[in-house]
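Trainee: In terms of my numbering, the sequence shown opens at residue 1 and continues consecutively.
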Amino acid sequence: MKILLYGINFSPELTGIGKYTGEMAAWLVSHGHEVRVVTAPPYYPAWAVSVGYSARTWSTEKTMGVDVWRCPLWVPAKPGGASRLVHLASFALSSVPVMLRQIFWRPDVVWVVEPALFCAPCAVVVARLSGAKAWLHIQDFEVDAAFSMGLLRGKRIREVVERCESWLMRRFDVVSTISSRMLDLLLAKGVPARHTFLAPNWVDIAAIRPKTKYVGDNPYRVLLGLPTDCVVALYSGNMGGKQGLEILAEVARLHATDLAKSDSRPLVFVFCGDGAGKSALQLACTGLINVFFLPLQPLDRLNDLLVMADIHLLPQRADAADLVMPSKLTGILASGKPVIATAHAGTELSRVVAGSGPDTQCGLVVQPENAAAMLAAIKVLLNDEVLRNRLGVAARAYAEQYLHIDMVLTKLAQHMQLVQTAKD
1 MKILLYGINF
11 SPELTGIGKY
21 TGEMAAWLVS
31 HGHEVRVVTA
41 PPYYPAWAVS
51 VGYSARTWST
61 EKTMGVDVWR
71 CPLWVPAKPG
81 GASRLVHLAS
91 FALSSVPVML
101 RQIFWRPDVV
111 WVVEPALFCA
121 PCAVVVARLS
131 GAKAWLHIQD
141 FEVDAAFSMG
151 LLRGKRIREV
161 VERCESWLMR
171 RFDVVSTISS
181 RMLDLLLAKG
191 VPARHTFLAP
201 NWVDIAAIRP
211 KTKYVGDNPY
221 RVLLGLPTDC
231 VVALYSGNMG
241 GKQGLEILAE
251 VARLHATDLA
261 KSDSRPLVFV
271 FCGDGAGKSA
281 LQLACTGLIN
291 VFFLPLQPLD
301 RLNDLLVMAD
311 IHLLPQRADA
321 ADLVMPSKLT
331 GILASGKPVI
341 ATAHAGTELS
351 RVVAGSGPDT
361 QCGLVVQPEN
371 AAAMLAAIKV
381 LLNDEVLRNR
391 LGVAARAYAE
401 QYLHIDMVLT
411 KLAQHMQLVQ
421 TAKD
């Protein structure tokens, strides 16, 4: 097939949507498909355009066998409600002429990812004018998240925006998303069930795997000068608004207060990543000797980073539940280490982490934004290596059974082929 991918994020971004769209494009090319991408210069999660790219001009490149068009955009240093909207709109507008040019290529499928929903109208137009099928893939329900998190306000405004969103979604031949709860939300928004498709995020289980044998110690433990008997609680990923990172500093400070009276194994916190919320997290951790910070790490070192952890920390704001599914969860599970997630019971994140029984439980779930509850869960795992190992084995098994990149993308490509050959 000839597949046109359209979205604001793409490789070489190391986290989130850009990482997944880049991996998907490379996989599709390796399996015989022609792929073109219309995107922006890499800027995420640092909210600064990467060296070697420009936010002001159009450019083209060939990478991983993919023809890539990069379109200018405005990148705010401190993204907020209004500035984020302008940022998304700037790319949606600058990419229109490039997208219209792709009509003459005659793609079979035009695939657009949300965020940014601003790009969806152009994707539908290009699909219809080129005779292609239109596919919307939702990583985040950005409209719901923006109102739930207070980035946008107003009951009347929300009603109007949600009606427009529903109308727009129903213009697509396929609307996919990454979790079953998000799929339920699609149905609630009026998307017919026959037009929906579940396409979870994936992980390369050969690249991210449990690894316990080193010549010496894990290289990150050596880099940070950590004693071999200490337990590492790791957060790795984007440091933005949806993560609820405030809890990490609170937990670390509560633990520091307990250190003098604790006879537990030594525990350190490692916070790795970049994003708009990093400076605030660093400030909140000022003076804490049990906390280490690392910048976002390259993909070829990601496996060593993830298996350094004895416990993974996965905070998420309560008001973002089931509107997003943390993309970092796939790597966490593949690393074969337990996770402590903040989520309400009944949410998709809670379901995956808690499992359906002891043999499928991948970690512990605590109430969102409750630092004392997260620290209590950490202490449970800190002193129970047998439990940590059992949860880690279940986490790896889940990744192997449900998240293998070849399995997920084979199903997606097969559905693309089915939709492309179906009559309207």
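In this text, a Cβ means the ideal position worked out from N, Cα and C, and glycines have one as well. Since the structure is predicted, the reported quantities are computational estimates derived from the model, not experimental observations.
On the DSSP letters alone, give me the boundaries of the beta strand (DSSP E) that S59 sits inside.
Mentor: S59 to T63 is the extent of the beta strand (DSSP E) around S59.
Trainee: Less than 8 angstroms between the C-beta atoms of L387 and L381, yes or no?
Mentor: In this structure, L381 lies closer than 8 angstroms to L387 by Cβ.
Trainee: So, under 8 angstroms CB-CB, S327 and G16 are touching, yes? Tell me the CB distance rounded to an integer number of Å.
Mentor: Correct: roughly 6 angstroms between the Cβ atoms.
Trainee: Looking at the structure shown, is L313 part of a helix, part of a strand, or coil, going by DSSP?
Mentor: Here L313 sits in strand by DSSP.
Trainee: Thinking just about the alpha-carbon of each residue, which of D274, Y220, L314 and A318 is nearest to the one in V339?
Mentor: V339 has its Cα closest to that of L314, out of D274, Y220, L314 and A318.
Trainee: Quick one: what's got a C-beta closer than 6 angstroms to K2's C-beta in the same chain, skipping five residues either side?
Mentor: So the qualifying residues of the chain are E34, P107 and D108.
Trainee: Could you check the C-alpha separation between R437 and V352 for me, to the nearest Å?
Mentor: Because the chain here runs from 1 to 424, residue 437 falls outside it and cannot be looked at.
Trainee: L100: which of W111, C119, S90 and V126 sits nearest, CA to CA?
Mentor: Minimum Cα distance to L100 is reached at V126.
Trainee: Please list, in chain order, all residues of the same chain as F141 whose beta carbon is under 6 angstroms from its beta carbon, the five residues on each side excluded.
Mentor: Contacts found: L323.
Trainee: Are the beta-carbon atoms of C119 and S94 separated by less than 8 angstroms?
Mentor: The answer is no: Cβ separation not under 8 angstroms.
Trainee: Helix, strand or coil for K133, going by three-state DSSP, please let me know.
Mentor: Reduced to three states, the DSSP call for K133 is strand.
Trainee: Quick check: the region 246–257 against the region 284–303, are at least 3 beta-carbon pairs closer than 8 angstroms?
Mentor: These segments touch.
Trainee: DSSP on Q220, reduced to helix/strand/coil?
Mentor: In the sequence as displayed, the identity of residue 220 is Tyr instead of Gln. The answer is helix: DSSP assigns Y220 an H, G or I state.
Trainee: What does S236 pair with, by DSSP beta-bridge criteria?
Mentor: Beta-bridge pairing links S236 to C272.
Trainee: Is the region 302–318 touching the region 227–242, taking contact as three or more C-beta pairs under 8 angstroms?
Mentor: As far as the Cβ criterion goes, the region 302–318 touches the region 227–242, which means the pair count is three or higher.
Trainee: Is the beta carbon of V37 less than 8 angstroms from the beta carbon of W69?
Mentor: Their beta carbons are under 8 angstroms apart, which means V37 touches W69 by this criterion.
Trainee: Looking at the secondary structure, which residues open and close the beta strand (DSSP E) in which T342 lies?
Mentor: Segment V339 to T342, the beta strand (DSSP E) holding T342.
Trainee: Is L412 near A132, with beta carbons less than 8 angstroms apart?
Mentor: No; because the gap between Cβ atoms is not below 8 angstroms, this pair is not in contact.
Trainee: What three-state label does DSSP hand G150 in the structure shown?
Mentor: Three-state result, G150: coil.
Trainee: Once DSSP output is grouped into helix, strand and coil, what is the label at W111?
Mentor: Residue state, collapsed to three classes: strand.
Trainee: Which word fits C164, buried or exposed, when buried means at least 16 other C-beta atoms lie within 10 angstroms of its C-beta?
Mentor: The residue is exposed, with fewer than 16 neighbouring Cβ atoms inside 10 Å.
Trainee: Between which two residues does the alpha helix (DSSP H) holding T177 run?
Mentor: Per DSSP, T177 belongs to no alpha helix (DSSP H); it is in the beta strand (DSSP E), V174 to T177.
Trainee: Specify the secondary structure class of K211 as computed by DSSP and reduced to three states.
Mentor: Coil at K211, not helix or strand.
Trainee: Who pairs with V366 in a beta bridge, going by DSSP?
Mentor: Partner(s): T342.
Trainee: Is the beta carbon of V270 sitting closer than 8 angstroms to the one on L224?
Mentor: Contact: yes.
Trainee: Tell me whether the beta-carbon of V66 lies closer than 8 angstroms to the beta-carbon of Y43.
Mentor: For V66 and Y43, no; Cβs fall outside 8 angstroms.
Trainee: Between D112 and Y6, is the Cβ-Cβ spacing less than 8 angstroms?
Mentor: According to the sequence displayed, residue 112 carries Val and not Asp. A contact, by the Cβ cut-off of 8 angstroms.
Trainee: Suppose contacts are defined by Cβ-Cβ distances below 8 angstroms. Is G244 in contact with E348 by that definition?
Mentor: Cβ atoms of G244 and E348: not closer than 8 angstroms.
Trainee: In terms of DSSP beta bridges, what is T196 paired with?
Mentor: Bridge partners of T196: V175.
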